[in-house]
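This report refers to the structure that appears directly beneath it.
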Amino acid sequence: MDISQVITDFLAANKQAGNLTEADEIYIRNRLLALLALSDYENCMPAEEPGPLLQLLDKLIEFAVQSGIISAIDSEKEQLESAIMDLFVPLPSELNQEFQRRYAQSPQQATDYFHEWSKASNYIKTRELARNIRYQTATNYGDLEITINLAKSEKDPKQIALEKNTPTGNYPTCLLCMENEGYLGNSKHPARTNHRIIQLELAGEPWGFQFSPYAYYEEHSIFLAKEHRPMQINRKTFANLLGIVEQFPHYFVGSNADLPIVGGSILTHDHYQGGAHNFPMEQAEVWYSFVMTDFPEIEAEVLHWPLSVIRLRHKKKDILIDAAVHVFNTWKSYNDESASIIAETDQPHNTVTPIARQKADDYELDIVLRNNRTSAEFPDGIFHPHPNVQHIKKENIGLIEVMGLAILPARLKEELEEVRAYWLNKPSNIKAIHLDWADTVKAKQTITEANSQDVLKQAVAERFLEVLTDAGVFKQTTAGKVAFQRFTTTL
Numbered sequence: 016m017d018i019s020q021v022i023t024d025f026l027a028a029n030k031q032a033g034n035l036t037e038a039d040e041i042y043i044r045n046r047l048l049a050l051l052a053l054s055d056y057e058n059c060m061p062a063e064e065p066g067p068l069l070q071l072l073d074k075l076i077e078f079a080v081q082s083g084i085i086s087a088i089d090s091e092k093e094q095l096e097s098a099i100m101d102l103f104v105p106l107p108s109e110l111n112q113e114f115q116r117r118y119a120q121s122p123q124q125a126t127d128y129f130h131e132w133s134k135a136s137n138y139i140k141t142r143e144l145a146r147n148i149r150y151q152t153a154t155n156y157g158d159l160e161i162t163i164n165l166a167k168s169e170k171d172p173k174q175i176a177l178e179k180n181t182p183t184g185n186y187p188t189c190l191l192c193m194e195n196e197g198y199l200g201n202s203k204h205p206a207r208t209n210h211r212i213i214q215l216e217l218a219g220e221p222w223g224f225q226f227s228p229y230a231y232y233e234e235h236s237i238f239l240a241k242e243h244r245p246m247q248i249n250r251k252t253f254a255n256l257l258g259i260v261e262q263f264p265h266y267f268v269g270s271n272a273d274l275p276i277v278g279g280s281i282l283t284h285d286h287y288q289g290g291a292h293n294f295p296m297e298q299a300e301v302w303y304s305f306v307m308t309d310f311p312e313i314e315a316e317v318l319h320w321p322l323s324v325i326r327l328r329h330k331k332k333d334i335l336i337d338a339a340v341h342v343f344n345t346w347k348s349y350n351d352e353s354a355s356i357i358a359e360t361d362q363p364h365n366t367v368t369p370i371a372r373q374k375a376d377d378y379e380l381d382i383v384l385r386n387n388r389t390s391a392e393f394p395d396g397i398f399h400p401h402p403n404v405q406h407i408k409k410e411n412i413g414l415i416e417v418m419g420l421a422i423l424p425a426r427l428k429e430e431l432e433e434v435r436a437y438w439l440n441k442p443s444n445i446k447a448i449h450l451d452w453a454d455t456v457k458a459k460q461t462i463t464e465a466n467s468q469d470v471l472k473q474a475v476a477e478r479f480l481e482v483l484t485d486a487g488v489f490k491q492t493t494a495g496k497v498a499f500q501r502f503t504t505t506l
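All letters in the sequence shown, in the order written, are residues 16 to 506 by the working numbering.
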């Protein structure tokens, strides 16, 4: 490998991408040589077509492995990738200044700028994300979005062994702390050298805005408190969510619930997720409308959606926050044993998953009612995916899936192909967990080679719909509507 040529082409590709100016080229080249433990370099002309930037980055990493600078272990390669790409990213202060300059023109111009940098620096893993399987399928509730998450590779045995032998540190405190900005990483903590955070203020408190490196949807954003503190739903949550969509009216933003089973995977750091995506739940039809006794000016609706969603709408934030707090506080103490809803035993069980948007001149809040109680029949959760659907999804149903986007495990890619082979009477290693479901689907229709993929997609979407239905505290049935109306009558 002619490493001088690769370096020259890599710098040329960054110039073409707008990541590097002529004035900085020599400096950046020398910093790159240092990262690659090189003290010598042969001047050469860049190729007419230097090639895709990330493929040239791969060659630099390959050289580093072959030269013994790093091992072939994924975490070491990622650390060097991140450090190399960090050479082309503005300092946090510079990036924040440019973000604010563009924000003065328009919020969308500012987020576009930040998003493009996050992709250009390889912080957002665009190549890995392209591996994900993604499609939409029509259901009685509108289109559901299905993704099989293939972006993150399985860890190899050497990586697992390295993690086992790496001491657990206390810095950064967690994956969402601002201490991650610029952090080298280690075998247990992802590389964040090329990571940048936009500084925000919410209700007089410092917050940060960043993108997710493994985005599940368009401009998948994370808004995080500067202080490391647990997730908590309270009045400030609703105020912060509406404050974010006031600052970024082209984004939605929501919070995971703050209790186990119905919450997200990170409950230890207060944060929200947002972005530019239009989720299926946003398009849901109205099941019925109602009037809030103390807030008659609020538009209040219950959605036709497998989970139990109250939508509130008003032009004024403060009134909407008051109404949302009233719904939340009423729900926190609400009991209806006929619907298996018990607010508290030895711990609280009722909470919500809130989502905020701006719609023209109105603010909109979706309040999804959640309950995390367990029972002998459903030890994983009464309102959690039940055992019969866990062959597709057994993890918590968090904010993203509440809104109609399934994030399914990578194992399903191969497992579902075995299901399809089973339907077509081909040799198949179908897993036992899928057999009952596969037989039920097959009994309903004639499955051929020509239609098998469509049948599979529809069947997975319908199973995901069952997953969401299990998570709904009031079912979309006649009895469920009566029970839901008992609750909304208390509002």
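Virtual Cβ for every residue (Gly too), placed ideally from N, Cα, C. The structure displayed is predicted, hence computed values, not measured ones.
Candidates E40, I212, A421 and N440: closest to L102 by CA position
Out of E40, I212, A421 and N440, E40 has the C-alpha closest to the C-alpha of L102.
Per-residue DSSP class, three states only, for P311:
Collapsing the DSSP output to three states places P311 in a strand.
Mind the definition here: the segment 122 to 138 touches the segment 255 to 265 only if three or more C-beta pairs lie below 8 Å; say whether that holds.
Judged by Cβ distances under 8 Å, the segment 122 to 138 makes contact with the segment 255 to 265, as three or more pairs qualify.
For the alpha helix (DSSP H) containing Y287, list its first residue and its last residue.
Counting along the chain, Y287 sits inside no alpha helix (DSSP H); it lies in the beta strand (DSSP E) bounded by residues H286 to G290.
For chain E, check one thing: does any of its Cβ atoms lie closer than 8 Å to the Cβ of K241?
Looking at the structure shown, chain E is missing, and only one protein chain is on hand.
What runs of the beta strand (DSSP E), each 3 residues or longer, lie entirely inside the segment 126 to 176?
Taking only runs of at least 3 residues, the beta strand (DSSP E) segments lying wholly in the segment 126 to 176 are 148 to 154 and 157 to 163.
Alpha helix (DSSP H) containing P107: first to last residue?
Boundaries of the alpha helix (DSSP H) harbouring P107: P107 to Q120, taken from the DSSP string.
Inspect the beta-carbon positions of K330 and D376 and report whether they are closer than 8 Å.
Yes, Cβ-Cβ distance for K330 and D376 is below 8 Å.
R149 to D333 span [Cα, whole Å]
Whole-angstrom Cα-Cα distance: 39 Å.
For A272, which beta-bridge partners are listed by DSSP?
Answer is G278.
Beta-carbon proximity check, A486 vs L322, cutoff 8 Å
Closer than 8 Å, so yes.
Nearest to V417 by CA position, among H399, F343, E352 and V301, is which residue?
Of H399, F343, E352 and V301, the residue nearest in Cα terms is H399.
Applying the criterion that 16 or more other CB atoms from any shown protein chain within 10 Å of the CB defines a buried residue, is I370 buried or exposed?
Buried, by the Cβ-count rule.
Could you compute how far the alpha carbon of G197 sits from the alpha carbon of R328?
Here the C-alpha atom of G197 lies approximately 40 Å from the C-alpha atom of R328.
Whole alpha helix (DSSP H) runs in the segment 223 to 269 with 4 or more residues, listed along the chain?
The qualifying runs are 250 to 262.
What does a CB cutoff of less than 7 Å around I445 pick up in its chain, not counting 5 residues either side in sequence?
Counting only Cβ-Cβ distances below 7 Å, and skipping sequence neighbours, we find E433, V434, Y437 and A453.
By Cβ distance below 7 Å, which residues in the same chain neighbour V340 in space, the five residues on each side in sequence not counted?
So the qualifying residues of the chain are R250 and F253.
When you compare only the Cα positions, how much space is there between R142 and F310?
Going by the C-alpha atoms only, they are around 49 Å apart.
Quick one: is N137 buried, meaning 16 or more other Cβ sit within 10 Å of its Cβ, or exposed?
Around the beta carbon of N137, a 10 Å sphere encloses 16 or more other beta carbons of the protein chains shown; the residue is thus reported as buried.
Do the CB positions of S97 and R211 come within less than 8 Å of each other?
Their beta carbons are not under 8 Å apart, which means S97 does not touch R211 by this criterion.
Give, in chain order, every unbroken run of the alpha helix (DSSP H) that is at least 4 residues long and sits entirely within the segment 341 to 365.
The segment 341 to 365 contains no whole alpha helix (DSSP H) run of 4 or more residues.
Determine the extent of the alpha helix (DSSP H) in which R435 is found, giving its start and end residues.
From DSSP, the alpha helix (DSSP H) with R435 extends over R426 to W438.
Using alpha carbons as the reference points, say which of I448, L480 and S353 lies closest to A494.
The residue with the shortest Cα to Cα distance from A494 is S353.
Cutoff 8 Å; reference S304; Cβ partners in own chain excluding five residues on either side:
Taken in chain order, the residues that qualify are E314, A315, E316 and V317.
Find the nearest neighbour of Q151 within the set K428, L431, L420 and E464, judged by alpha-carbon distance.
The candidate whose alpha carbon is nearest that of Q151 is L420.
Three-state class that DSSP yields for T508 in the structure shown
An answer regarding residue 508 cannot be provided, because it is not within the stretch 16 to 506 covered by the chain.
Does the beta-carbon distance from G563 to G258 come in below 8 Å?
Since the first residue shown for the chain is 16 and the last is 506, residue 563 is missing from the structure and cannot be characterised.
Simplified DSSP assignment, three categories, for F305:
In the three-state reduction of the DSSP assignment, F305 falls in the strand class.
Buried or exposed for C59, please, with buried defined as at least 16 other CB atoms from any protein chain shown within 10 angstroms of its CB.
Exposed, because fewer than 16 other Cβ atoms sit within 10 Å of the Cβ of C59.
How would you call K408, buried or exposed, if buried means at least 16 neighbouring beta carbons within 10 angstroms?
So K408 counts as buried.
Three-state secondary structure (DSSP) at H204?
Of the three classes helix, strand and coil, the one that applies to H204 here is strand, per DSSP.
First and last residue of the uninterrupted alpha helix (DSSP H) at L507
Shown here, the chain extends from 16 to 506; a query on residue 507 therefore has no answer.
When you compare only the Cα positions, how much space is there between A425 and R501?
Roughly 41 Å between the two C-alpha positions.
Locate the beta strand (DSSP E) running through V104, then write down its first and last residues.
It is not in any beta strand (DSSP E) - V104 carries neither H nor E in the DSSP assignment.
Would you report the Cα separation of I462 and F78, rounded to the nearest angstrom?
Between I462 and F78, the C-alpha separation is close to 50 Å.
Neighbour-count burial assignment, A218, 16 or more Cβ in a 10 Å radius
Flag for A218 reads exposed.
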